[in-house]
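Asker: Numbering-wise (the numbering used here), the sequence shown opens with residue 1385 and increments by one.
Right, I'll just put the structure down here and ask away after.
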Amino acid sequence: MAIKEGDFVRLEFTGRTKETGDVFDTTIEEVAEEAGIKIDEKVYGPIPIIVGGGHLLKGIDQAIIDMEAGEQKTIELTPEDGFGDRDPKLVQLVPMKEFKKQNIKPYVGMNITVEGHNGRIQSISGGRVRLDFNHELAGKNLEYQVEIKEILEDDVDKIKSMIQLHYPNPKINMDKTEVNIQDGKVTIIMDELSRFDQKSYMDITFARFRIAKDIWENIENLEKVEFADVFEKKKEMPEGGVTEEEVEEIAEEVLTEVKKEKED
1385 MAIKEGDFVR
1395 LEFTGRTKET
1405 GDVFDTTIEE
1415 VAEEAGIKID
1425 EKVYGPIPII
1435 VGGGHLLKGI
1445 DQAIIDMEAG
1455 EQKTIELTPE
1465 DGFGDRDPKL
1475 VQLVPMKEFK
1485 KQNIKPYVGM
1495 NITVEGHNGR
1505 IQSISGGRVR
1515 LDFNHELAGK
1525 NLEYQVEIKE
1535 ILEDDVDKIK
1545 SMIQLHYPNP
1555 KINMDKTEVN
1565 IQDGKVTIIM
1575 DELSRFDQKS
1585 YMDITFARFR
1595 IAKDIWENIE
1605 NLEKVEFADV
1615 FEKKKEMPEG
1625 GVTEEEVEEI
1635 AEEVLTEVKK
1645 EKED
C-alpha cells in the first residue's frame, strides 16, 4: 500500500551533509555511535510521524509519498527544502562586556539563547564575540537515507505512536498505556512510570496538547482527548506472602538502582 498524506508511518532515517558526508542526525543507534553523535538520553529506533503533519522537513514529507512499507530511498534536499539559506543579518558582533555582565565566560562553539533565539559563538577576537543565529545546517545541501518500516492502520496504534513521538521516554511501557475510544472521545491512561517523569509541568502539558492536536486533526470522528491519572490501591498480600526479610531485600535493590541512576 502506497503512502499518502495523512498516513501514520514509522520510519528510520540517517541525515548527512552532501558536501562532506558527515552524519548529523539518525534514528539508528549504531550509526550515531560510529559517527560520534550518540546522545545517551535519546530514544533510538524507528520514529512515528504523520505524513504532512509537520514532523519532518517539507522535502522529506513530499518525497516519501507513494513509498511502501519496507522500501528505502535516498532523498537529496537543497537548502530551500532543508534548513534554509544562510542570512548574514543573523550573524552579530556582541561586546565581551555584555557576557561579563551576565557572568558568562564565552568560548567558541558555545550555544547561546538570546530573547528566545538560539545561536552559536563562531569566534572571539578584539573584545568582541561573533554570534551566528542561523541554523547550523542552513545553506547546506543534505542527503537523507530513509526506510519505511511500517504504515499504521489501527487507530489505537496511531494514538500510541503520537505518544511515543511527543513523549519519548525509554522507561515508559507502551503496552501498559491504555487507550480507550468511545463516542468521539479518546481517554489515555499512561503507564504509571510517566507520573515520576522529571519533565516540568509546562513541558508535559505542551506534549499532551501536541498529542491531542495530532489525534483530532488526523483521525476521523475523534474530537476530544482526555488524559486520565488513575491511582489504584494495591491488593494486600495474603499471610505468608512476603517475609520481612524479602521486603528489606527489595527495598535495598530499589535504593541501589536509584543510586546508580543518580551516579549516571
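The beta carbon of each residue, even a glycine, is placed where N, CA and C say it ideally should be.
Could you tell me which uninterrupted alpha helix (DSSP H) segments, each at least 4 residues in length, are contained entirely in the stretch 1431-1496, listed from first to last along the chain?
Answerer: DSSP runs (the alpha helix (DSSP H)) wholly in the stretch 1431-1496: 1442-1447, 1480-1485.
Asker: Between Lys1388 and Asp1575, what straight-line distance do the alpha-carbon atoms span, to the nearest angstrom?
Answerer: Position 4 of the sequence shown holds residue 1388. Position 191 of the sequence shown holds residue 1575. Using only the alpha carbons, I get a separation of about 32 Å.
Asker: To the nearest angstrom, how far is it from the Cα of Gly1511 to the Cα of Met1480?
Answerer: Counted from its first residue, the sequence shown places residue 1511 at position 127. Counted from its first residue, the sequence shown places residue 1480 at position 96. Approximately 5 Å between the Cα atoms of the pair.
Asker: Tell me, please, which residues DSSP counts as bridged to Gln1506.
Answerer: The residue labelled residue 1506 in the question sits at position 122 within the sequence shown. Partner(s): none; Gln1506 has no beta bridge.
Asker: Restricting to Cα atoms, I'd like to know which of Lys1489, Lys1533, Ile1595 is closest to Ile1448.
Answerer: Mapped onto the sequence shown, residue 1448 falls at position 64. Taking only the C-alpha atoms, the option nearest Ile1448 is Lys1533.
Asker: If we call anything under 8 Å between Cβ atoms a contact, is Gln1529 one with Phe1397?
Answerer: Start at 1 with the first residue of the sequence shown, and residue 1529 comes out as number 145. Start at 1 with the first residue of the sequence shown, and residue 1397 comes out as number 13. The answer is yes: Cβ separation under 8 Å.
Asker: With DSSP collapsed to three states, give me the class of Asp1409.
Answerer: Here residue 1409 refers to the residue found at position 25 when the sequence shown is read from its first residue. Strand at Asp1409.
Asker: How should Gln1548 be labelled, buried or exposed, when 16 other C-beta atoms within 10 angstroms of its C-beta is the threshold for buried?
Answerer: In the sequence shown, the residue the question calls residue 1548 occupies position 164. Its Cβ being crowded by 16 or more others within 10 Å, Gln1548 is buried.
Asker: Let me confirm a value: Pro1432 is counted as buried when at least 16 other C-beta atoms fall within 10 Å, else exposed. Which label applies?
Answerer: Position 48 of the sequence shown, counted from the start, is the residue given in the question as residue 1432. Buried, because 16 or more other Cβ atoms sit within 10 Å of the Cβ of Pro1432.
Asker: So what does DSSP say about Asp1715, is it helix, strand or coil?
Answerer: The displayed coordinates of the chain run from 1385 to 1648. Any statement about residue 1715 would go beyond what the structure contains.
Asker: In the structure shown, what three-state DSSP assignment does Thr1398 receive?
Answerer: One-based indexing of the sequence shown puts residue 1398 at position 14. Thr1398 falls in the strand class under three-state DSSP.
Asker: Here's a check: name, in chain order, each residue in its chain whose Cβ is nearer than 7 Å to the Cβ of Gly1454, leaving out the five neighbours to either side.
Answerer: Reading the sequence shown from its first residue, position 70 is the one you call residue 1454. Answer for Gly1454: Ile1532, listed in chain order.
Asker: Would you mind sorting Val1614 into buried or exposed? The rule is 16 or more other CB atoms within 10 Å of its CB.
Answerer: What you label residue 1614 is simply residue 230 of the sequence shown in a count that begins at 1. So Val1614 counts as exposed.
Asker: May I have the straight-line CA-CA distance separating Tyr1551 from Val1492, to the nearest angstrom?
Answerer: Stepping through the sequence shown from its first residue, residue 1551 is reached at position 167. Stepping through the sequence shown from its first residue, residue 1492 is reached at position 108. Rounded to the nearest angstrom, the two C-alpha atoms are 33 Å apart.
Asker: Whose C-beta lies closer than 6 Å to the C-beta of Phe1467 among residues of the same chain, with five residues either side of it excluded?
Answerer: Counted from its first residue, the sequence shown places residue 1467 at position 83. Here the set comprises His1519, Leu1521, Ala1522.
Asker: Could you check how far apart the C-beta atoms of Val1407 and Ile1423 are, in whole angstroms? I think they sit under 8 Å.
Answerer: Within the sequence shown, numbered from 1, the residue matching residue 1407 stands at position 23. Within the sequence shown, numbered from 1, the residue matching residue 1423 stands at position 39. Between Ile1423 and Val1407 the Cβ distance is about 13 Å, and since that is not below 8 Å, they are no contact.
Asker: Just to confirm the assignment, what range does the beta strand (DSSP E) spanning Glu1403 have?
Answerer: Position 19 of the sequence shown holds residue 1403. First-last for Glu1403: undefined, no H or E at that position.
Asker: Return yes when the C-beta of Trp1600 is under 7 Å from any heavy atom of the ligand COA, and no when it is not.
Answerer: With respect to the ligand COA, the structure offers nothing, as it holds no ligand at all.
Asker: Does the structure place the stretch 1557-1567 close enough to the stretch 1538-1545 that three or more beta carbon pairs sit under 8 Å?
Answerer: Result yes; three or more Cβ-Cβ pairs closer than 8 Å.
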